[in-house]
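Only one structure is covered here, and it is reproduced in the block below.
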Amino acid sequence: RVPDFLASSIMSKVTRDTLFECVSAVLQGSKDKPRKFLETVELQIALKNYDPQKDKRFAGTVKLRNIPRQKLSVCVLGDQQHCDEARANNIACMDTEDLKKLNKNKKLVKKLAKKYDAFLASDSLIKQIPRLLGPGLNKAGKFPTLITHNESMVAKINDVKATIKFQMKKAR
Numbered sequence: 015r016v017p018d019f020l021a022s023s024i025m026s027k028v029t030r031d032t033l034f035e036c037v038s039a040v041l042q043g044s045k046d047k048p049r050k051f052l053e054t055v056e057l058q059i060a061l062k063n064y065d066p067q068k069d070k071r072f073a074g075t076v077k078l079r080n081i082p083r084q085k086l087s088v089c090v091l092g093d094q095q096h097c098d099e100a101r102a103n104n105i106a107c108m109d110t111e112d113l114k115k116l117n118k119n120k121k122l123v124k125k126l127a128k129k130y131d132a133f134l135a136s137d138s139l140i141k142q143i144p145r146l147l148g149p150g151l152n153k154a155g156k157f158p159t160l161i162t163h164n165e166s167m168v169a170k171i172n173d174v175k176a177t178i179k180f181q182m183k184k185a186r
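The numbering of the sequence shown is the working numbering, which starts it at 15 and goes up by one.
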């Protein structure tokens, strides 16, 4: 439901103060009447003077300060060192041998892509992924993020959890 003070400015530019007022009203409403499920807010933005037929479509990512998706499941596709680190931190992982067992089987790769929300891959293994798995992860929009040996795996996973993707969708 749209708050009354916002209803009049729906089709015009929303000021920063109005936005903060609305967000605090939503947060207050959430505290007043706690629900037994995770409440989410969806944001839709209309772009003025942008013609999707003529202008190029766009997509991108934004890293947020807070992690919005705590339950995001991540799998590490790594070399021995990364797999050992992942096991020590109780994170799902697969090495080259596990990936070879999938044998480019489309159903198994699709099942793997469905099972996890995101993937991280070692720098040595990321070049081999298209050859080992085929285009399955790419089609699912879950091509792995690169992880190197000199960065913390837990910090990298938190970065992935705090990053959201956005894209320009076709108008109906």
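Yeah, the Cβ is synthetic: ideal placement off N, Cα and C, and Gly gets one too.
- Beta bridge pairing from DSSP links LYS77 with THR177.
- Collapsing the DSSP output to three states places LEU160 in a strand.
- Counting along the chain, no beta strand (DSSP E) covers LEU61, and no H or E run does either.
- Closest option to ASP112, judged by alpha-carbon separation, among ALA176, LEU146, LEU52: LEU146.
- In summary, VAL76 is exposed, with fewer than 16 beta-carbon neighbours lying within 10 Å of its beta-carbon over all protein chains present.
- Rounded to whole angstroms, the gap between the alpha carbons of PHE72 and LYS179 is 11 angstroms.
- Between ALA132 and VAL88, the gap from beta carbon to beta carbon is short of 8 angstroms.
- MET182 and LEU122 have their C-alpha atoms some 30 angstroms from each other.
- Burial is judged here by how many other beta carbons sit within 10 angstroms of a residue's own beta carbon; VAL174 has at least 16 and is buried.
- In the DSSP assignment, LEU52 falls outside any alpha helix (DSSP H), carrying neither H nor E.
- Rounded to the nearest whole angstrom, the C-alpha separation of ALA154 and LYS118 is 15 angstroms.
- The continuous stretches of alpha helix (DSSP H) do not include LEU91, which lies in the beta strand (DSSP E) extending over residues 88–91.
- The Cβ atoms of MET167 and ALA100 lie closer than 8 angstroms to each other.
- About 7 angstroms separates the beta carbons of LEU126 and LEU116, which is inside the 8 angstroms limit, making them a contact pair.
- Within the same chain, ASN152 come within 8 angstroms of PRO144 by CB-CB distance, once the 5 residues on both sides are set aside.
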